[in-house]
Amino acid sequence: MKLHLSTPSNKLLHNNIQITGSKSESNRSLLLQALYSNISIDNLSNSDDAEVMQKGLKIEKGLVDIHHAGTAMRFLTSYFASQEGKDVTLTGSQRMTERPVKVLVEALRDLGADITYEKNDGYPPIRIIGKKLSKSKVSLPANISSQYISSLLLTAPSLENGLELELVGKITSVPYIKMTLALLSQIGVKNSFEGNTIKVASMSTVDNVNLVVESDWSSASYFYSIIALSDVGSEITLSAYKNNSLQGDSVLQELYTEFGVETKFSENNVVLKKIEGPKSTKVQFDLSNAPDIAQTIAVTCFGLEMECHLIGLHTLKIKETDRLEALYTELSKLGANITVTDKELTIGLSDKINVDVAIDTYNDHRMAMAFAPLAMKVPLYVNDAEVVSKSYPDFWKDLDKLGLSSKTV
């Protein structure tokens, strides 16, 4: 599906948007629910990723196809490895078979897991025969995707001796690790995170508990971008959010002050308001703890004709696509003066934004959604626009409410 996004005639926005639960929190909660059946969940994400996670957790034997869902791939690897009687082959899309799982597989093998590669060493598909894991100490590189780390931590309380995880080197994506540990605490699992060592106690049963998933801050990022690119005085209310979020992407409320966006909380809502123009003509952010908002921020800066230097982006190369190269290609088409390395991105000053450019999305939901706010400045096309269903199926409907009307072409 190819969409054409038109620029709204009125750039002074006043709207309310309801966003469903975070897929990051949802998939963590679903795995915990699979381990402890008396856990209930409210405000679950309606994303493709959460749907394939739910389906995968129910499979005892045979093929488990998680399509493009990287979180499900990592989380289910540890889950199946630790469940006696499970015998599955875990696979996904073509891109998923190119995304490495070796670090996680080796850690699980160190704990006694039975996992073999079906095709290429270090990559899905993988055959997993679940068994009782009695070993309790393992180490991982600290600078890898936090999903590997969270995968082990989520399964840890079901292991007979719990888990002691040593992270070697400088830790990145700390907020996502803390999100996982906070959820474990909510269900009564004792844990600690001191220095580079994380300990999770074993727990055979938990009390009845209801986990309420906060709405997705990654999804909120696109509305931060829209507000930043709108007229002063614009305001969008998003629900349901809380001020003490577990999600690392909630750092948006601090970062977007640089673009003149104010964040206020009211009951279970967050209110975004454009109170002024950008504070300067250049920003520099370290996004090592929130890499999923890098695309959004890069597009925001380009739309505001600002220079930006983003660092801490080393995990972007193994996402749904190589996001750094994808940003380079698509922003260049729009007229950006951009350079990238394997972990940084720099945008210089540009004097125009090319009109009616067709943005390729590379089977990556965030490419589609990060570029969409640029329609506040110029009309553009989005190829394979349906890819947003991976995390935010209602995205285009919600943009229509803001006057960023989309038409299938």
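Here our numbering is used: position 129 in the sequence shown is 133, and no number is missing along the way.
Even for Gly, the Cβ is constructed at its ideal location relative to N, Cα and C.
Query raised in the report: Apart from the five residues on each side of it in sequence, which residues of its chain come closer than 7 Å, Cβ to Cβ, to V359?
Result: Cβ within range, chain order: V382 and P383.
Query raised in the report: In this structure, what does DSSP give as the bridge partners for K278?
Result: Paired residues: V265.
Report task. Measure the alpha-carbon distance for K401 versus K323 and round it to whole angstroms. Result -> Straight-line Cα distance between these residues: approximately 26 Å.
**Report entry** Coil, strand or helix - L320 by DSSP
**Finding:** Under the three-state reduction of DSSP output, L320 falls in the helix class.
Report task. Return the CA-CA distance between E170 and P145, expressed in angstroms with no decimal places. Result -> Those two C-alpha atoms are separated by around 8 Å.
Report task. Mind reading off the beta-carbon distance from T24 to N50? Whole number of angstroms is fine, and I expect it under 8 Å. Result -> T24 to N50, Cβ: 5 Å. Contact.
Query - Extent of the continuous alpha helix (DSSP H) to which T95 belongs - result: In the DSSP annotation of this structure, T95 is not part of any alpha helix (DSSP H); the continuous beta strand (DSSP E) holding it starts and ends at D91 to T95.
Requested in this report: Alpha carbon to alpha carbon, how far is L308 from L331? Give it in angstroms, no decimals.
Outcome: Cα-Cα distance, rounded: 16 Å.
Query raised in the report: Can you tell which of D355, R113, V386 and L67 has its C-alpha closest to the C-alpha of R370?
Result: Closest in alpha carbon position to R370, among D355, R113, V386 and L67, is V386.
Report task. Scan the stretch 148–189 and note each continuous beta strand (DSSP E) run of 3 residues or more that stays entirely inside, going in chain order. Result -> Here the runs fully enclosed are 167–172.
Query raised in the report: Measuring CB to CB, does E311 end up less than 9 Å from I357?
Result: E311 places its beta carbon 9 Å or farther from that of I357.
Report task. Can you grab the Cα-Cα spacing for the pair F84 / E164, in whole Å? Result -> Their Cα atoms are separated by approximately 15 Å.
Query raised in the report: If you scan the stretch 64–89 from start to end, which runs of the alpha helix (DSSP H) of 4 or more residues do you find wholly inside it?
Result: Complete alpha helix (DSSP H) runs here, min 4: 74–85.
Report task. Determine the contact status of L36 and L187, defining contact as a CB-CB distance below 9 Å. Result -> Yes. Within cutoff.
Query raised in the report: Do you know whose CA, among S154, G134 and S219, lies nearest S143's CA?
Result: Nearest C-alpha to S143: S154.
Query raised in the report: What whole-angstrom Cβ distance do L408 and A379 have, given they're in contact under 8 Å?
Result: Right, their Cβ atoms sit about 5 Å apart.
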